[in-house]
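For reference, the structure discussed in these notes is given below.
What follows is the structure, given as structure tokens:
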């Protein structure tokens, strides 16, 4: 891939120029990304949904609280 950089007056890189063929390949790869949600087992989806509900209901713990409780396992 032939990459060119554009820079400002201070020499800081501000942009990248690549051949259109390479750009089109990148776009194809990005558009092919599939949503992995449907591949997750139901128990994982249920756990995520539970965590989201708990968060919305304000049932959260700070990082410090969690670390105090579980630090002994690290």
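Numbering (our numbering), first residue to last: 2 to 75. Each residue gets a CB set at the ideal place from its N, CA and C atoms; glycine is no exception.
Practice task
Would you mind reading off the limits of the beta strand (DSSP E) that contains residue 14?
Solution key: Indexing the chain shown from 1 puts residue 14 at position 13. Looking at the DSSP string, the run of the beta strand (DSSP E) that includes residue 14 is 14-18.
Handout entry: Spatial distance of residue 2 from residue 13 (CA atoms)
Key = To locate residue 2, count along the chain shown from 1; it is residue 1. To locate residue 13, count along the chain shown from 1; it is residue 12. Near 22 Å, if we compare the C-alpha coordinates of residue 13 and residue 2.
Handout entry: Nonlocal neighbours in the same chain, by C-beta distance under 8 Å from residue 29, ignoring five residues either side
Key = Taking the first residue of the chain shown as 1, we reach residue 29 at position 28. Counting only Cβ-Cβ distances below 8 Å, and skipping sequence neighbours, we find nothing.
Problem - Close-in-space but distant-in-sequence residues of the same chain around residue 24 (CB under 8 Å, 5 per side omitted) - result: The residue labelled residue 24 in the question sits at position 23 within the chain shown. So no residue of the chain qualifies.
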